[in-house]
Amino acid sequence: MVVKEIKSYEEFKQIINGSKPVVVDFWATWCGPCRFISPVFEKLSERDEFSGVDFYKVDVDEQSDISQEVGIRAMPTFMAFQGGEKGKQLVGANSAELENVVRSCIA
Amino acid sequence: MAPTIKVGDTVPDGTFTYIPYSPELDSHAACGVPTKLNISKDWKGKKVVLFAVPGAFTPTCHVNHLPPYVEKYDEFKSKGVDQIAVVAANDAFVMSGWGRFEGLKDKILTLSDPNVEWSKKLGLDLDLSALAFGIRTARYAMIIDDLVVKYVEVEPGTEVTVSGAEAVLAKL
Numbered sequence: 001m002v003v004k005e006i007k008s009y010e011e012f013k014q015i016i017n018g019s020k021p022v023v024v025d026f027w028a029t030w031c032g033p034c035r036f037i038s039p040v041f042e043k044l045s046e047r048d049e050f051s052g053v054d055f056y057k058v059d060v061d062e063q064s065d066i067s068q069e070v071g072i073r074a075m076p077t078f079m080a081f082q083g084g085e086k087g088k089q090l091v092g093a094n095s096a097e098l099e100n101v102v103r104s105c106i107a
Numbered sequence: 001m002a003p004t005i006k007v008g009d010t011v012p013d014g015t016f017t018y019i020p021y022s023p024e025l026d027s028h029a030a031c032g033v034p035t036k037l038n039i040s041k042d043w044k045g046k047k048v049v050l051f052a053v054p055g056a057f058t059p060t061c062h063v064n065h066l067p068p069y070v071e072k073y074d075e076f077k078s079k080g081v082d083q084i085a086v087v088a089a090n091d092a093f094v095m096s097g098w099g100r101f102e103g104l105k106d107k108i109l110t111l112s113d114p115n116v117e118w119s120k121k122l123g124l125d126l127d128l129s130a131l132a133f134g135i136r137t138a139r140y141a142m143i144i145d146d147l148v149v150k151y152v153e154v155e156p157g158t159e160v161t162v163s164g165a166e167a168v169l170a171k172l
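If you're matching them up, the sequences are chains A and B in order.
Take the first sequence: its position 45, counting from 1, is numbered 45 in the UniProt record's numbering, and each next residue is one higher.
Take the second sequence: its position 116, counting from 1, is numbered 116 in the UniProt record's numbering, and each next residue is one higher.
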């Protein structure tokens, strides 16, 4: 799977309330650590073992409604959601921890 | 500029910007996101000590004004202070950097007064164009309790006296 961009608040609500687990990458174009971790996130999305998880990203400058709602304080922030519930969260460009967040969705 | 705000007044509403502290900022694993602090909403019902400096990292502010507030943090807390905050005309990124340099963590909020708008409303701005700094906040300290001013003093000279940690603690 590829990492899909969420383009609206309504779309975001639909996605996080869905039955399939999702991990969302909250990033900004000007944030160095985000640029470092995004290829790592892309690679995780392509792994067969994680085909049961959907991968998304939100540009916090373009989608300030979404980032305000979830309370983004620093980037990158990765959040797992399923059926309207928030799961694991990671703040910071930490590759190993990111894999744990994705893995927690299929546990 | 002479202060127009006085003890007993309710502070006018306003918005500061700041980057909330998170440990990942220290390790450079993450970038902070500026967020807004709305005075009448976020400081309602709280006892706040707010002090202003002309500039983050500048000599007096950096060496003489901020450190005593950090050192006396526990004493402020024991007097029922809910929030200590330092404000300046510098933007939220500079204020966040200064806060991390000083090791403030989440003890003292480092706020930016965008375009010195709020301080101007209170007559607490200072024109430092002669020093090539532009318009800044004056050096002042306030105790704001449930949005009412209990103490406000502007530093008359270049030393830190009435706006310093000791002076403010004595008034709590």
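Beta carbons: idealized from backbone N, C-alpha and C, even for Gly.
(message) Check whether chain B comes within 8 Å of N94/A, counting only Cβ atoms and requiring the distance to be less than that.
(response) yes
(request) Indicate the three-state DSSP secondary structure (helix, strand or coil) for E11/A in the structure shown. (result) helix
(request) May I ask which residues mark the beginning and end of the alpha helix (DSSP H) holding N100/A? (result) S95 to I106
(message) Helix, strand or coil for L90/A? Go by DSSP, reduced to three states.
(response) strand
(message) Can you tell me which residues form a DSSP beta bridge with A52/B?
(response) V87/B and Y140/B
(request) Would you mind reading off the limits of the alpha helix (DSSP H) that contains D54/A? (result) Premise fails: D54/A lies in the beta strand (DSSP E), D54 to D59, not in any alpha helix (DSSP H).
(message) Measuring alpha carbon to alpha carbon, tell me which residue in Q89/A, N100/A and S104/A is nearest D25/A.
(response) Q89/A
(request) Out of E71/B, V154/B, G8/B and K36/B, state which residue places its alpha-carbon closest to the alpha-carbon of Q68/A. (result) K36/B
(request) May I ask you to list the residues that DSSP assigns as paired with I108/B? (result) I84/B
(request) Go ahead and label T110/B buried or exposed: buried means 16 or more other beta carbons lie within 10 angstroms of its beta carbon, across all protein chains shown. (result) buried
(request) Please name the residue or residues paired with M80/A in a DSSP beta bridge. (result) Note on identity: in this sequence residue 80/A is Ala, with Met being the wrong assignment. Per DSSP, V23/A.
(request) Mark E102/B as exposed unless 16 or more other C-beta atoms lie within 10 angstroms of its C-beta, in which case mark it buried. (result) buried
(message) Under DSSP, the alpha helix (DSSP H) around D125/B begins and ends at which residues?
(response) Element bounds for D125/B: not the alpha helix (DSSP H) but the beta strand (DSSP E), D125 to D127.
(request) Could you tell me which chain B residues have their CB closer than 7 Å to the CB of I72/A, listed as they occur along the chain? (result) V33
(request) Could you tell me the distance, in whole angstroms, from the CA atom of L147/B to the CA atom of S19/A? (result) 45 Å
(request) Return the residues of the stretch 62–73 of chain B that lie within a Cβ-Cβ distance of less than 9 Å from chain A, sorted by chain order. (result) none
(request) Classify Q14/A as buried or exposed, calling it buried when 16 or more other Cβ atoms lie within 10 Å of its own Cβ. (result) exposed
(request) Answer yes or no: does any C-beta atom of chain A fall closer than 8 Å to that of L104/B? (result) no
(request) Return the chain-ordered list of same chain residues with a C-beta closer than 6 Å to the C-beta of K79/B, the five sequence neighbours on each side being excluded. (result) L172
(message) Can you find the residues in the same chain that come closer than 8 Å, C-beta to C-beta, to G45/B, ignoring five residues on each side of it along the sequence?
(response) D146
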